[in-house]
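Residue numbers (full-length UniProt numbering): 1 to 157. Glycine included, each C-beta is placed from N, C-alpha and C at the ideal position. As the structure is a prediction and not an experimental result, all values here were calculated from the model.
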């Protein structure tokens with residue numbers, strides 16, 4: 001019970017700081033797809049529930065791709081070998097009235113060893129598309145359906 005309360009407080013603190021420091025927030029998320037194993041890379045944060053794609057906020061002076069590259073390295077020890085493919089752009093109204101997410105597909109990458117847990121990332125892993133963790137977030141499942149099953153893109157994250 002204590003851990004859930006702490007995670008929620010930390011999550012709200014991060015988002016409050018983002019709102020105060022940025023009038024509009026832009027985030028990036030990356031679907032890292034291992035074609036050979038038909039698996040996707042997911043992370044589980046320490047401060048919000050569920051498994052989701054790696055990503056984060058675009059910092060002042062960064063392009064979306066530079067931000068995505070930084071987040072992939074920080075959250076998964078993953079380096080891009082070539083530019084990712086922009087798949088869709090979403091309004092994240094559940095986060096705030098100002099948040100948007102650029103969603104990319106990454107198929108050419110290298111993982112420089114497994115990511116060890118830290119203050120931000122509790123767990124990471126590659127999961128087969130037909131065996132995702134039960135706690136995979138609804139938004140993550142929607143994006144996977146859009147990319148791999150041809151479901152129409154939802155404009156909302």
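Asked, Found
"For a quick check, are the C-beta atoms of residue 50 and residue 137 less than 7 angstroms apart?", "yes"
"Who pairs with residue 51 in a beta bridge, going by DSSP?", "44, 136"
"Distance check for residue 36 and residue 131, CA to CA, integer angstroms please.", "16 angstroms"
"Determine whether the beta carbon atoms of residue 91 and residue 156 lie at a separation below 7 angstroms.", "yes"
"Drop a sphere of 10 angstroms on the beta-carbon of residue 148, count the other beta-carbons inside from all chains shown, and report buried for 16 or more, exposed for fewer.", "exposed"
"My assumption, with CB atoms under 8 angstroms, is that residue 25 sits in contact with residue 99. Please give the rounded CB distance.", "5 angstroms"
"Taking the straight line between their C-alpha atoms, what separation do you get for residue 31 and residue 9?", "27 angstroms"
"Span of the alpha helix (DSSP H) holding residue 76?", "64-76"
"Where does residue 102 sit, in a helix, a strand or coil, going by DSSP?", "strand"
"Where does residue 25 fall in DSSP's three states?", "strand"
"Round the Cβ separation of residue 80 and residue 69 to the nearest angstrom and send it over; I've been treating them as touching at under 8 angstroms.", "5 angstroms"
"For residue 124, which residues from the same chain have a beta carbon less than 6 angstroms from its beta carbon, with the 5 sequence-adjacent residues on both sides left out?", "43, 76, 115"
"Take the Cβ of residue 150 as the centre, count every other Cβ of all protein chains shown within 10 Å, and call the residue buried at 16 or more, exposed below.", "exposed"
"Could you name the residues of the same chain whose beta carbon sits closer than 8 angstroms to that of residue 145, not counting the 5 residues immediately before and after it, in chain order?", "151"
"Where do the N-terminal and C-terminal ends of the beta strand (DSSP E) with residue 86 fall, by residue?", "85-91"
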